[in-house]
Structures are given as C-alpha cells and as structure tokens.
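Asker: Here you go, one structure.
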Amino acid sequence: MSQAAALYIVPTPIGNLNDISQRALDTLQEVDLIACEDTRHTAKLLSHYQINTSTWALHDHNEQYKSEQLVARLVGGQSVALVSDAGTPLISDPGYHLVNRCREAGIQVIALPGPCAAITALSAAGLPTDRFAFEGFLPSKEKARLDKIEQLKDEPRTLIFYESPRRLLHSVAAIVEVLGPERQLVVAREITKTFESIHSLPAGEMLQWLGEDTNRSRGEIVLMVAGYRPSVEDELSAEVLRTLTLLCSELPLKKAAGLTAEIHGSKKNALYKYGLENGL
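When we follow the UniProt record's numbering, the leftmost residue of the sequence shown carries the number 1, and every step to the right adds one.
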C-alpha cells in the first residue's frame, strides 16, 4: 500500500544501521520519491535494506529551487520522504525551506521520530537535561566564534554544539577564554559507531586532553557545555555582604545571616553558606 500524498520527515541512523525504525523503512519503501542531502550516501542505506525508491538531491545549494518542484509533485498527489545524510532532517541539515513551502501550500507534513546526535549525546553526558539549548555549529572565524560564546556566557541551560574535528580544539580554546577553565564540558565522539567515546572534563583540562592526541578529535562530534551557575557572591550584592560582615562581628553567623536576610530580602541559606566559606 503506497503512502498518502504528504511530505514525510524520516530520520536515518547516525552510525549504527540497526537504529532505523521499521516505520522509517516502510515509509522509504512506499513513497514515490526520496529527497536526500546526498544521493550517493543515501544509496548505501537503501541498498542495505533493498529499497529501490527513486531519489532526488536536495541540499543547501539547491533547496529553494528544488522545493518548488517537490511541492508541485506533492500537490499532484505524490508522496515524498525527506532524509539527510544522518539523523533527523532540518537539525543542522537542509529541509527548512521545503517544510515551510509545504505548510504554506497546505500539504500535510508527517514527522517520524528517530535518531538525533544532539539528543543521544545529551542523554549520556551527565549534564542537566531539564533545560538545554541546541546551537548548531559555532562560527568558523575566530572573532565570530568568540562573540557567539560571549553572547551565551550567562546562559543557564546546557549548551549543545556540533563541531568538526579540525575546529574542535579552537572552539574549546575559545570556551576557556570566554567562559573560564572551570566550566564543565563533554565531548561525545562517534555516537553509536564502533569508536564511540564520551569524555567529560573542566574546559581547561579538556583543552589539554584534546591537545595530547589528535585521535581524540576525530569523527562526528557533539560538544556540550554546562550552563552558567552564579556563585553566592554573584547572587549577593556588595551592600548585603557588608551588612552580613558587620553583623557577624557582633553575632553568631546563623543569627547574622537571618537578620541580614530580613533587612535585604535575601536568601538566608545563601548568606549562611557565604559566611561559612569566608570564615565569618
């Protein structure tokens, strides 16, 4: 039974071919056409699963032009699957213009769930997952890269980037320069593949570790950065700390922290922690 006339967003494996779903295979088998980032790359996947559906190249350089032709086919009743070289289409891959045009034309867009390197890496990174921001690739030029990281300096969410082997060391160096050597990083490499590795270190130590062996930067890379966490000093103003210090000269820390909290509307626990850490 052929698929209904619609655009199907079909995720493909990011390494391990066994990660493709049965629904994805059925869709690729039954649609009239597969739009793919690289027809030669997708041909290997289709050959492995003995799928003979016709393919059509849709990449960054021709997407806007080809989207019009694909929309015409969809309006004419054909069904089309969109795939990228690996993972979920549109996530740092082509497809946005096609999906947008389909929505404008009233064509049904059906997204299948499946592999995504950013989410797979994050789930195993050991960094907070309740809130995160996917930022794609950092800029290739040094100043633009530093400026981008500066914009994200106070971002409290876990940050996720894709990175290339030749730029990874430069990006980590930029993170050390802007965010400091203590910010926790995770480098996930070759996720789902034979040489998969996930390594977690403070940024300064990560820079040194990567520099010791070029093999540690090889393959497909997801770079994750712990979100900004303000220190107690950042949360408390100079006036609040001055009040706490003055009261501590006459009172026990616990009582001084409580009175300071009442005077300034600050958090008692934060004041007490600051006092302990600074010998008040």
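All C-beta atoms, glycine included, are put in the ideal place defined by N, C-alpha and C.
Owing to the predicted nature of the structure, the values given are computational and were not obtained by experimental measurement.
To the nearest angstrom, how far is the alpha carbon of residue 9 from that of residue 203?
Answerer: 36 Å
Asker: Applying the criterion that 16 or more other CB atoms from any shown protein chain within 10 Å of the CB defines a buried residue, is residue 120 buried or exposed?
Answerer: buried
Asker: Are residue 49 and residue 82 close, meaning C-beta to C-beta below 8 Å?
Answerer: Their beta carbons are not under 8 Å apart, which means residue 49 does not touch residue 82 by this criterion.
Asker: Can you name, in chain order, every residue of its own chain whose Cβ lies under 8 Å from the Cβ of residue 103, other than the five neighbours on each side?
Answerer: So the qualifying residues of the chain are 109.
Asker: Once the 5 residues before and after residue 226 are set aside, which same chain residues still bring their CB inside 7 Å of it?
Answerer: 127, 158, 183, 184
Asker: For residue 20, count neighbouring Cβ atoms within 10 angstroms of its own Cβ and tell me buried if that reaches 16, exposed if not.
Answerer: Taking a 10 Å sphere around the C-beta of residue 20, we find 16 or more other C-beta atoms and assign the residue as buried.
Asker: Quick one: give me the first and last residue of the alpha helix (DSSP H) that residue 165 is part of.
Answerer: 165–179
Asker: Could you check the C-alpha separation between residue 240 and residue 255 for me, to the nearest Å?
Answerer: 15 Å
Asker: Since residue 162 contacts residue 136 with CB under 8 Å, what's their CB separation in whole angstroms?
Answerer: The pair is a contact, with the Cβ atoms about 6 Å apart (cut-off 8 Å).
Asker: Taking only runs that begin and end inside the segment 132–156, name each unbroken alpha helix (DSSP H) of 4 or more residues, in chain order.
Answerer: 142–151
Asker: Could you tell me which residues DSSP pairs with residue 206 in its beta bridges?
Answerer: DSSP, once it has assigned bridges, lists no residue as partnering residue 206.
Asker: Count Cβ pairs between the segment 257–275 and the segment 167–184 that sit closer than 8 Å; are there 3 or more?
Answerer: no
Asker: Have a look at residue 156 and residue 228 and give me their C-alpha separation to the nearest angstrom.
Answerer: If you take the alpha carbons of residue 156 and residue 228, they lie about 4 Å apart.
Asker: Please identify the residue among 15, 66, 91 whose C-alpha is closest to the C-alpha of residue 42.
Answerer: 15
Asker: Identify whether residue 8 lies in helix, strand or coil by the three-state DSSP scheme.
Answerer: Residue 8: strand per DSSP, three-state reduction.
Asker: Measure the CB-CB distance between residue 5 and residue 77 and report whether it falls below 8 Å.
Answerer: Yes, the pair counts as a contact, with Cβ atoms nearer than the cut-off.
Asker: Counting C-beta neighbours from all protein chains within 10 Å, is the total for residue 1 16 or more, i.e. buried, or is it exposed?
Answerer: Any reading at residue 1 needs caution, since the residue's pLDDT is 44, under 50, leaving its predicted position unreliable; the model's value is listed next. Classification for residue 1: exposed.
Asker: I'd like the span of the beta strand (DSSP E) that includes residue 33, first residue to last.
Answerer: 33–36
Asker: For a test of the three-state rule: what should DSSP assign to residue 263, helix, strand or coil?
Answerer: helix
Asker: Taking C-alpha atoms, which residue in 217, 209, 179 lies nearest to residue 190?
Answerer: 217
Asker: Go through its chain and collect everything with a Cβ distance to residue 253's Cβ below 8 Å, but skip five positions before and after it.
Answerer: The beta carbon of residue 253 sits closer than 8 Å to those of 272, 275, 276, 280, all from its chain and outside the five residues before and after it, given in chain order.
Asker: Does residue 1 come out as helix, strand or coil in the three-state DSSP assignment?
Answerer: A caution first: residue 1 carries a pLDDT of 44, below 50, which makes its placement in the model too unreliable to give a value.
Asker: Give the range of the alpha helix (DSSP H) segment to which residue 23 is assigned.
Answerer: 22–30
Asker: Along the chain, which unbroken stretches of the beta strand (DSSP E) at least 3 residues long are found entirely within the segment 87–111?
Answerer: For the segment 87–111, whole beta strand (DSSP E) runs of length 3 or above, ordered along the chain, are 109–111.
Asker: Let me check understanding here. Comparing Cα to Cα, which of 237, 34, 238, 259 lies closest to residue 247?
Answerer: 259
Asker: Under the assumption that residue 125 contacts residue 188 (Cβ atoms under 8 Å), give the Cβ distance between them as a whole number of angstroms.
Answerer: 7 Å
Asker: Helix, strand or coil for residue 183? Go by DSSP, reduced to three states.
Answerer: coil
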